[in-house]
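Novice:
Number of protein chains: 2
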Amino acid sequence: MFLAWPLIGGSLALVFVVLFAAGVLRKPEGTPAMVTISGLVRRGAQTFLSREYRTVGLIILLLGGVMACTGLGWRTAVSFAIGSMVSAGAGFIGMSIATRANSRTTHAAREGVKPALGIAISGGAVMGLSVVGLSLLGLAGVIGLFAPDIFTGGKVEPAELLRQAGIVNGFAMGASLMALFARSGGGIFTKGADMAADLVGKVEADIPEDDPRNPAVIADNVGDNVGDVAGLGADLLESYVESIIASMSLAAAISLSAVDRSLMLLPLAVGATGTAASILGVFFTKLVGRKNPQAALTGGTYLAAALTAGAAFFLVDWLGTDFAGYSKLGPFWAILAGIGAGVLIGLTSEYYTSARYKPVKKLAEASDTNAAVTVTEGLAVGMESLGIPVIILAGAVILAHHVAGMYGVAMAAVGMLATTGMVVSVDSYGPIADNAGGIAQMAGLEPEVRKITDHLDAVGNTTAAIGKGFAIGSAALAALGLLTAYLTTIGTTVEATLANPLVLAGLIFGGMLPFFFASQLFRAVVRAADAMIREVRRQFEKIPGLREGVEGVLPESDKCVDIAARSALAGMIIPGLSAVAVPVLVGFLLGPLALAGVLVGSIVTGVMVGVFTANSGGALDNAKKYIEEGNFGGKGSRAHKAAVIGDTVGDPLKDTVGPSINILIKLMAVISLVIAPILPAVTG
Amino acid sequence: MFLAWPLIGGSLALVFVVLFAAGVLRKPEGTPAMVTISGLVRRGAQTFLSREYRTVGLIILLLGGVMACTGLGWRTAVSFAIGSMVSAGAGFIGMSIATRANSRTTHAAREGVKPALGIAISGGAVMGLSVVGLSLLGLAGVIGLFAPDIFTGGKVEPAELLRQAGIVNGFAMGASLMALFARSGGGIFTKGADMAADLVGKVEADIPEDDPRNPAVIADNVGDNVGDVAGLGADLLESYVESIIASMSLAAAISLSAVDRSLMLLPLAVGATGTAASILGVFFTKLVGRKNPQAALTGGTYLAAALTAGAAFFLVDWLGTDFAGYSKLGPFWAILAGIGAGVLIGLTSEYYTSARYKPVKKLAEASDTNAAVTVTEGLAVGMESLGIPVIILAGAVILAHHVAGMYGVAMAAVGMLATTGMVVSVDSYGPIADNAGGIAQMAGLEPEVRKITDHLDAVGNTTAAIGKGFAIGSAALAALGLLTAYLTTIGTTVEATLANPLVLAGLIFGGMLPFFFASQLFRAVVRAADAMIREVRRQFEKIPGLREGVEGVLPESDKCVDIAARSALAGMIIPGLSAVAVPVLVGFLLGPLALAGVLVGSIVTGVMVGVFTANSGGALDNAKKYIEEGNFGGKGSRAHKAAVIGDTVGDPLKDTVGPSINILIKLMAVISLVIAPILPAVTG
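So the protein sequences, as listed, match chains U and A.
Under our numbering, read the first sequence as residues 34 to 717, first letter to last.
Under our numbering, read the second sequence as residues 34 to 717, first letter to last.
(1) Counting only runs of 3+ residues fully inside the region 209 to 276 of chain U, write out the beta strand (DSSP E) ranges in chain order.
(2) Could you check what DSSP says for A/T452 in three-state terms: helix, strand or coil?
(3) What residue does the alpha helix (DSSP H) around U/L330 start on, and which one ends it?
(4) When DSSP labels each residue in this structure, what does A/Y359 get in the three-state scheme?
(5) Just confirm the distance between the C-beta atoms of U/F10 and U/G379, as a whole number of angstroms; I'd bet it's less than 8 Å.
(6) Between A/F718 and chain U, is any beta-carbon pair separated by less than 7 Å?
(7) Suppose you measure from the CA of A/A443 to the CA of A/L426; what does that come to, to the nearest Å?
(8) If we ignore side chains and look at the alpha-carbon of each, how far apart do U/K575 and U/N247 end up?
(9) For a minimum of 4 consecutive residues, which ranges assigned as the alpha helix (DSSP H) are wholly contained in the region 446 to 509 of chain U?
(10) Can you find a C-beta in chain A that's less than 7 Å from the C-beta of U/M545?
(11) Suppose the cutoff is 8 Å on Cβ atoms and the five residues either side in sequence are ignored; what does the same chain contact list for A/I660 look like?
(12) If you measure between the beta carbons of U/G63 and U/S136, is that distance less than 7 Å?
(13) Below 7 Å between beta carbons: does that hold for A/S282 and A/A518?
(14) Have a look at A/V164 and A/A598 and give me their C-alpha separation to the nearest angstrom.
(15) Using CA coordinates, which residue listed in U/P588, U/I465, U/D591, U/G72 is at the minimum distance from U/V159?
(16) Return the chain-ordered list of same chain residues with a C-beta closer than 6 Å to the C-beta of U/T486, the five sequence neighbours on each side being excluded.
(17) Compute the distance between the beta-carbons of U/S276 and U/V447, then report whether it is under 7 Å.
(18) Quick one: is the Cβ of A/E417 within less than 6 Å of any heavy atom of the ligand GDP?
(19) Applying the 10 Å Cβ sphere with the 16-neighbour rule, what's the burial state of U/S649?
(20) How long is the line joining the alpha carbons of A/A291 and A/F356, rounded to whole angstroms?
(21) What does U/E410 touch in chain A if you count any residue whose Cβ is under 9 Å from its own?
(22) In three-state terms, what does DSSP make of A/T409?
(23) When the Cα atoms are used, what is the spatial distance from U/V644 to A/V482?
(24) Between which two residues does the alpha helix (DSSP H) containing U/N664 stretch?
(25) Kindly indicate which three-state DSSP category A/T530 falls into: helix, strand or coil?
(26) Which word fits U/C593, buried or exposed, when buried means at least 16 other C-beta atoms lie within 10 angstroms of its C-beta?
(27) So, with DSSP's three-state summary, where would you put A/G166?
(28) Taking Cβ-Cβ distances shorter than 9 Å, what residues in chain U pair up with A/M439?
(29) With a Cβ-Cβ cutoff of 7 Å, do A/V57 and A/T132 count as a contact?
(30) Take A/A205 as the anchor and find which of A/S280, A/R196, A/S112, A/I126 has the nearest alpha-carbon.
(31) Alpha carbon to alpha carbon, what distance is there between A/G543 and A/A652?
(32) Take A/I596 as the anchor and find which of A/A564, A/F548, A/I154, A/V613 has the nearest alpha-carbon.
(33) Does any C-beta atom of chain A lie closer than 7 Å to the C-beta of U/A291?
(34) List, in chain order, every chain U residue whose beta-carbon is nearer than 7 Å to that of A/T517.
(35) Sorted by chain position, which residues of the same chain lie with C-beta nearer than 7 Å to U/L213's C-beta, five sequence neighbours on each side aside?
(36) Applying a beta-carbon distance threshold of less than 8 Å, which residues of chain U neighbour A/E242?
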């Protein structure tokens, strides 16, 4: 009976996926030129996705085989495979529609803001609701198959209950591995292409942005979809699933002391309710959008959050129970802390990265001195921006633990992530609007159309910054939830003290990993850009008439897509291997306590590096745009030149490194949780 | 009787301070122009020091007053004041000689490499030996005055022994507060001046480096002394003192279970022996220097380390004892682990920042694409460079703990820092050589002289990179030592588990602080540079004949020194206040467990940010120099322009932020240790 919640919530989401997708596909595609360009982008995205899925598929087979042959068993391996397929499926559906919504948005922009916004939002909602819909159904399936006793209420041994919860954890690990490739690989793809397109196009060949002559431009547009639609979706899908399974694992551990199993249902119920709230939020945005797109997008997000908070109260009141000394309503306050923290962290990101506030304005002013000053000030903005989010996170942890213990910390993550459907919808809207602008430019549409798409794009930039802050904050909470589940599973919280040398050494080592990971990603982006720059130079040299823009002469953009895709997957080898290998090696060689230290260390510096890079990059990007609007000399001025360099430094910071760090800390935490049952026992 | 060790070691060091200082002062000062320039630099340095000491003096009075009126008592307050005075004294002596050795080195360079190297080394050794000499004597004094029972061997209550050790901790806190101002204030001063001199001089007015017409050049040369002589000295003095007092505190705690007090003497004996080894190392360098300055400097350092390791064996064999289940020789292995880790971390820094190895060469190559690529690659180098040092540190912690418990961790720090005298001597040599080059340029000496000083300067750059790696590694170990002493003092290691929400929240919050601190320092540097750039532009505009270089027209360089000094002290307000206030507020409001979390969090991210910024900056600096040597197009090429921007970004990273983070983590740890006895008790 309990499985009804995720089944109904998930099905509801998928019904709306179909409705929104049909709504998008019904609209006209625009002129033949637009159809061609949109087709190139779509095929490019498909090329990357199919390669990525093949690679991940192989790894899943390999790791799944290892899991099946070890103490983890074949059930965990199957659960793992299903998790990765759910994530891949959501990415595939979301990308298919997003790359079809782009030209339709451009076409609709010829009639005005409202119809264009409507299509872009619907396109985004397909991704957002696929993420939560497939997650809930997948979880329901895995639980139904392998962990039936969790919900039947049948009397089983406590150890058996924990074992079943362990199988479900495999599902999250699958989603996490997929997310690593989608997010980091996508990040390398998108910024390699972006850097190459900018450096060769604007700087060397002196042609404008999104010019159809530039062979890297299609790859750049593909990258927006690959990184910001599929990547972000996979990232939040992972957090969403992990927050739920962490709470369920902790509830299973509490159940050992014979508490009602409703605590295990609660995260699923909150997730299902948040999905319904997200659907309402999307409709709100579509209705209000005609007047103020910005207000519509943020308004819809807040509405979904408020509805989820309200629903959580009734759910906790109904399902809740006194446990381990905490009062019945404790989990509600924890959920509320999570929702509030998510909203506040998003607002802080907006303050530090929007041109409406002081930090970005001062950054633009600093560009008037020198590019080095721009970069330095940009790094300073990102580092300073850590203060408030970190205090909010720390406060949420203390509060959630005060009202409901470790379970509360995990439930705060569930609360923050309950509106994932809405958050991903809004975030996926951004690249669709961005692509629509690119298509308008490449197809040579009227300037009025470009103006509308630019406006929609600018709105998308702000929501993207908020979304990134949210993604990192929620990743941190989800990872902390996983950590507490891990500590509970290894059955020792007492020995994991700061005075333990293995814990201390683990903390330092784990703290290093996000930096190491970041360095490898930086390198991969630079290498990808380098390879593409060579290819673009070659095409400009070898294809007669391309640089001059002779009618009918087209660049071989598929070659650039191919290079970006190959570089992205090659760049994943070292980071991917280390993210998977470190928890396993540390866990088996140095033991579970050292691994606990590594996890906490990676979460601590991961949060810092994640927020710092995201906000530095966002601020540098918007400072450049602020100057381009005519401030401090406008386009072509000394300040603008400095700001362009700053933006190019900021791009891989915010779109490759920042988001990938989320995945790193979650992947290591979920792997640790999965292998926890077979780790050597703690020895004092 | 036990006090004989620090008394003899300290006095010996001071004897050689006098000898080396006399040796430097005996040499001729050079031409009148050189005397004038050297005098300007010296007076500038004195201006800054006296302002700094006045400011710190006021803060010492204030904090000392508070300490005296609280449970800490007047003895701790006096000990605190003595600690700050010892650090100030060492800085004053070292700077007085360093700023007199510069023109004498230039003059000697007219005769060849050997005499010039000799003077520069002697000048550096005055600073290096003042640091260890005054530290040892100061410690002996404070122990003799306020903690006599530590060494008399008289029978006292265990609690009384711990109370007396607590008073000695105040000494370290004084040294730490002084170091904060010397290092961070000096860092802002030096990089603000450097940035201004470069941006206005090379970029705007198009005049060469160290041109006497540039009003910011004297401030730039003052900055080298202020930041790299006085700042570095104060930094390592602090680590040196803290490693000793942390070991003594832990030994006092062990003594509670009635172990021989020789464990308390051991750190002082190792420190005194390391001082003697450092004196031999300096002589070795002076003797071998004629052939290969680089080999002489590193050879002297390794010799001192090897001698200390050998002496430590005999000391431990003589003073050591079985304790708490560890074998007698345990502390020796811990000391050896510390010495080895220091050497290895230094070598890693060299690999990542020297133009002889791949990372810097590739960075120079990347500059050929674009400045943004240079900066990105530079950040990547720094982040990657964390891997090995962190693994070495983590390994040293595990090893040291394995052989001698928490006391072992603290003794590893003592081992690493025992050769502080030699390390500071070598590091202070760098700025003297750098200044000598500047004076040669400004006084218009023959190109051959400049060539010799350039060579000596280049050698100094490599040793500076090694020294920075060493400073951070040792700061981390010293801070870990203080942390363990703190955990022992609050009397609870069991409750400080990773599952405790206050510890977790503290970890996240503490992890944020180095980034926040860094952002404020970046800002301060940019502000200082900005103010100086305005002043330089004003002078070029208002002083007739200055830009044209008319004979006898001199810039008003004292105004630039004044601006730099004021900006540096103003820029210290927020970082200084937060470093002092955070441990106190967290400790009293959230309790000692949350504070433990904050300390560990700040150490973890502090190590990362410290090493990353130091190595990124060093690599960017040397990549620029590598290009200037004629690679990738040499001076004036596209690659060089990009590398100059990269270097300007790297400068505050390596000389302001990186070193200051050392101080931050140590200051917070030592304040926590000092207030530990009066914090509220741990409540579950």
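C-beta atoms are modelled at their ideal positions from N, C-alpha and C, and glycine is treated no differently.
Treat the numbers as computed from the prediction; the structure is a model and nothing was measured.
Specialist: Judging by the given coordinates:
(1) none
(2) coil
(3) 326 to 352
(4) strand
(5) With chain U covering 34 to 717 only, the question about residue 10 of chain U has no answer from this structure.
(6) Coverage of chain A is limited to positions 34 through 717, which leaves residue 718 of chain A absent and any answer about it impossible.
(7) 13 Å
(8) 13 Å
(9) 453 to 475
(10) yes
(11) A397, S400, G666, G667, K668, S670, A672, H673, A676
(12) yes
(13) yes
(14) 23 Å
(15) U/I465
(16) A142, A469, G470, A473
(17) yes
(18) In the structure on display, the ligand GDP does not appear, and there are no ligands present to speak of.
(19) buried
(20) With a pLDDT of 47 at A/A291, under the threshold of 50, the modelled position of that residue is not reliable, and the figure given next carries that caveat. Straight-line Cα distance between these residues: approximately 9 Å.
(21) F555, R556, V559
(22) helix
(23) 50 Å
(24) Counting along the chain, U/N664 falls outside any alpha helix (DSSP H), and DSSP gives it neither H nor E.
(25) strand
(26) buried
(27) helix
(28) A532, P534
(29) no
(30) A/S112
(31) 28 Å
(32) A/A564
(33) With a pLDDT of only 47 at U/A291, under 50, the local geometry of the prediction cannot be trusted, and no value is derived from it.
(34) A532
(35) G609, A612, I696, L700
(36) None at all; the shortest Cβ gap to chain U is about 16 Å.
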